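Asks:
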Amino acid sequence: MSVRARPTSPHLQIYRWTITMAMSILHRATGIANYAGMSLLVIWLVAAAVGQGPLDQVNAIYGSWFGQLVLFGFTWSLVHHMCGGIRHFIWDFAVMMEPGQRSTMAWATLVASITITLLVWTVFVWVK
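Taking the working numbering, the leading residue of the sequence shown gets 2, the next gets one more, and so forth.
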């Protein structure tokens with residue numbers, strides 16, 4: 002039995018990357034990261050339910066530079082996924098669907114997610 006060569010479809014290497022492609026992948030990645038990041042909230046809630054000692058330990062970990070970096074990334078992931086969801090909701094109404102408009106929406110999603118994350122951390126974490 003001979004093996005025939007099967008036709009191949011264009012692969013990712015031939016496409017020129019666009020911001021909308023990157024944002025599509027990033028939206029999916031942040032959705033996955035949000036599932037993992039929610040474990041941080043669960044760990045904190047369990048520690049709070051167990052007692053002051055475990056809560057102090059978790060707060061010390063979350064308060065370290067690495068913990069703050071992880072929490073900042075988790076905050077950005079939540080905000081970015083929310084902004085991406087709003088972008089998709091707008092597209093559900095067939096608004097902003099032209100190629101240039103899609104790119105504008107993608108850039109706006111990225112800028113908004115970074116700005117909102119910085120605002121949240123400025124108001125609730127960095128300024129006391």
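Where a beta carbon is used, it is the ideal one built from N, C-alpha and C, also for glycine. Treat the numbers as computed from the prediction; the structure is a model and nothing was measured.
1) Among T19, A109, R17 and V59, which one has its Cα closest to the Cα of V80?
2) Measure how close the beta-carbons of A49 and C84 come, nearest whole angstrom, since I'm counting them as under 8 Å.
3) Cutting at 6 Å between CB atoms, please list the residues of its own chain near R103, excluding the five before and the five after it.
4) With a threshold of 7 Å on Cβ separation, who are the neighbours of N35 within its own chain once the five nearest residues in sequence on each side are excluded?
5) Specify whether the segment 90-101 and the segment 113-127 touch according to this definition: at least 3 beta carbon pairs, one from each stretch, less than 8 Å apart.
6) Using a Cβ-Cβ cutoff of less than 8 Å, which residues in the same chain neighbour L41 once the five nearest sequence positions on both sides are dropped?
Replies: Well, looking at it:
1) A109
2) About 30 Å; that fails the 8 Å criterion.
3) T21
4) S78, L79 and H82
5) no
6) Y63, V71, L72 and F75
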